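When you read off a place in the sequence shown, starting at 1, and then add 1, the result is the number in my numbering. Beta carbons: idealized from backbone N, C-alpha and C, even for Gly. These numbers come from a predicted model, not from an experiment. Here is the structure we will look at, set down as structure tokens.
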Amino acid sequence: MGNFDTLFELDDAARFVGLGVDEFQNKVSELKVPGWKTGEFKKSVLLKYFENSNIEGYDSSVIAVSNQKGGEGKTTISLYLAEALSENHKVLLIDWDPQANATHLFLHDDIPSIMDYLGYRGKKSKNIEPIIRNISHNFDLLPSNLELANLTTPYERDDFELLKEAILPLRSRYEFIIIDCPPSLGLILENALICADYILVPIQTRAFSLQGIKDLYETFQKIQRKANQRLKLLGAVLNQYEGQKALAGLAEGVKKYFPVFETVIQRRESIPQAQAKMSLLSKIDLTTMKNFRELALEVKGKIDVEKN
Numbered sequence: 002m003g004n005f006d007t008l009f010e011l012d013d014a015a016r017f018v019g020l021g022v023d024e025f026q027n028k029v030s031e032l033k034v035p036g037w038k039t040g041e042f043k044k045s046v047l048l049k050y051f052e053n054s055n056i057e058g059y060d061s062s063v064i065a066v067s068n069q070k071g072g073e074g075k076t077t078i079s080l081y082l083a084e085a086l087s088e089n090h091k092v093l094l095i096d097w098d099p100q101a102n103a104t105h106l107f108l109h110d111d112i113p114s115i116m117d118y119l120g121y122r123g124k125k126s127k128n129i130e131p132i133i134r135n136i137s138h139n140f141d142l143l144p145s146n147l148e149l150a151n152l153t154t155p156y157e158r159d160d161f162e163l164l165k166e167a168i169l170p171l172r173s174r175y176e177f178i179i180i181d182c183p184p185s186l187g188l189i190l191e192n193a194l195i196c197a198d199y200i201l202v203p204i205q206t207r208a209f210s211l212q213g214i215k216d217l218y219e220t221f222q223k224i225q226r227k228a229n230q231r232l233k234l235l236g237a238v239l240n241q242y243e244g245q246k247a248l249a250g251l252a253e254g255v256k257k258y259f260p261v262f263e264t265v266i267q268r269r270e271s272i273p274q275a276q277a278k279m280s281l282l283s284k285i286d287l288t289t290m291k292n293f294r295e296l297a298l299e300v301k302g303k304i305d306v307e308k309n
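The structure is reproduced here in structure tokens:
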């Protein structure tokens, strides 16, 4: 689970520094950049030899949307937080759940298996960019399918960092990367938390379980302590909120483990309607979309505080 230098092949290296492949090859040959003969380049070396201005200007904030309990609204929060952020920022939504609910909302053809790109169980990892799909302006999706469920047992030490390594070349292209995590603990979730900078926890107010929150918090602590010291708690978002029916003391119970967002996501019929119509929420209900814009603003505010 340790940190190690990213290794780029030729095409990825050229893309990382913002040059065409031919121009990049000429440049590295002229400068005798380490790797120019083998066609493999370390990220640290590229940063040393190329002006930062050549390299695309983002370093993504990666947010894992996670709760080990099912039915808490992780996909809903992931989808529409990503949509709201994409109104002003470049956003990638990673469907990191074998159920692939986010993927099936937008894509209907055969979906390439993300497992074929990760380098799991001795396979060679491949550039993941070709399977990314554009959903709308500034909004891209890295799709999933059921084969991801095979990511269960670590065979090598690096298997905990498969997702982290797969998206490293993408981090300079997006301002926000949202990971829709599966409702379980295990290697898939650990990959997401080791990859992420922040964790956001949706909690459905009508089906609240403090035990699930406690287990997730313990997993967060373990990952932060052993594998990803930069992982921070953004907080819990109360979802499907109906004020008059909310459980007494809900927020106080959650605050034992996670800070709680001021923004709550109200229960609206337009959310399942948008999903049934396989549509962006902004095309169905602007009032509900405003709720997610408020959440996006609060997310950005919390991240700004953490960075500063």
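Segment limits, beta strand (DSSP E) that includes residue i
{"i": "E41", "result": "41-43"}
{"i": "L93", "result": "92-96"}
Endpoints, alpha helix (DSSP H) assigned at residue i
{"i": "F177", "result": "Here F177 belongs to no alpha helix (DSSP H); instead the beta strand (DSSP E) covers 177-181."}
{"i": "Y81", "result": "75-86"}
{"i": "Q205", "result": "Element bounds for Q205: not the alpha helix (DSSP H) but the beta strand (DSSP E), 199-205."}
{"i": "T104", "result": "102-107"}
{"i": "K256", "result": "Taken as a continuous stretch (DSSP letters only), K256 belongs to no alpha helix (DSSP H), as it is neither H nor E."}
{"i": "I168", "result": "163-168"}
CB-CB length for residue i against residue j, believed under 8 Å
{"i": "D181", "j": "S79", "result": "4 Å"}
{"i": "I178", "j": "L239", "result": "Their Cβ separation, rounded to whole angstroms, is 24 Å, which puts I178 and L239 out of contact at 8 Å."}
{"i": "D96", "j": "P131", "result": "Not really, about 16 Å apart at Cβ, beyond 8 Å."}
{"i": "L201", "j": "G236", "result": "7 Å"}
{"i": "Y1", "j": "I214", "result": "Absent from the structure is residue 1, since the part of the chain shown begins at 2 and ends at 309."}
{"i": "L287", "j": "I266", "result": "Going by Cβ atoms, the distance from L287 to I266 rounds to 15 Å, so no, they are not a contact pair."}
{"i": "E41", "j": "E84", "result": "About 37 Å separates the two Cβ atoms, so there is no contact after all."}
{"i": "P170", "j": "R269", "result": "Going by Cβ atoms, the distance from P170 to R269 rounds to 37 Å, so no, they are not a contact pair."}
{"i": "Q241", "j": "L232", "result": "Rounded, the Cβ-Cβ distance is 26 Å, inconsistent with contact."}
{"i": "A167", "j": "L119", "result": "6 Å"}
Three-way DSSP call (helix, strand, coil) for residue i in this model
{"i": "Q267", "result": "strand"}
{"i": "S126", "result": "coil"}
{"i": "E10", "result": "strand"}
{"i": "G236", "result": "strand"}
{"i": "L119", "result": "coil"}
{"i": "L20", "result": "coil"}
{"i": "V34", "result": "coil"}
{"i": "S283", "result": "helix"}
{"i": "I56", "result": "For I56, the pLDDT reaches just 48, beneath the cut-off of 50, and the residue's location in the model is therefore unreliable, leaving the point undetermined."}
{"i": "N192", "result": "helix"}
{"i": "P113", "result": "coil"}
{"i": "N146", "result": "coil"}
{"i": "Y218", "result": "helix"}
{"i": "G213", "result": "helix"}
Residue i classed as buried or exposed, judged by whether at least 16 other C-beta atoms fall within 10 angstroms
{"i": "V66", "result": "buried"}
{"i": "T289", "result": "buried"}
{"i": "Y175", "result": "buried"}
{"i": "D198", "result": "buried"}
{"i": "S54", "result": "The predicted position of S54 is uncertain, since its pLDDT is 43 and thus under 50; no value can be drawn from it."}
{"i": "M116", "result": "buried"}
{"i": "V300", "result": "buried"}
{"i": "Q276", "result": "buried"}
{"i": "K165", "result": "buried"}
Bridge partners - residue i, DSSP secondary structure assignment
{"i": "A65", "result": "I180, I200"}
{"i": "V261", "result": "A237"}
{"i": "R226", "result": "Bridge partners of R226: none, in fact."}
{"i": "F140", "result": "V92, S137"}
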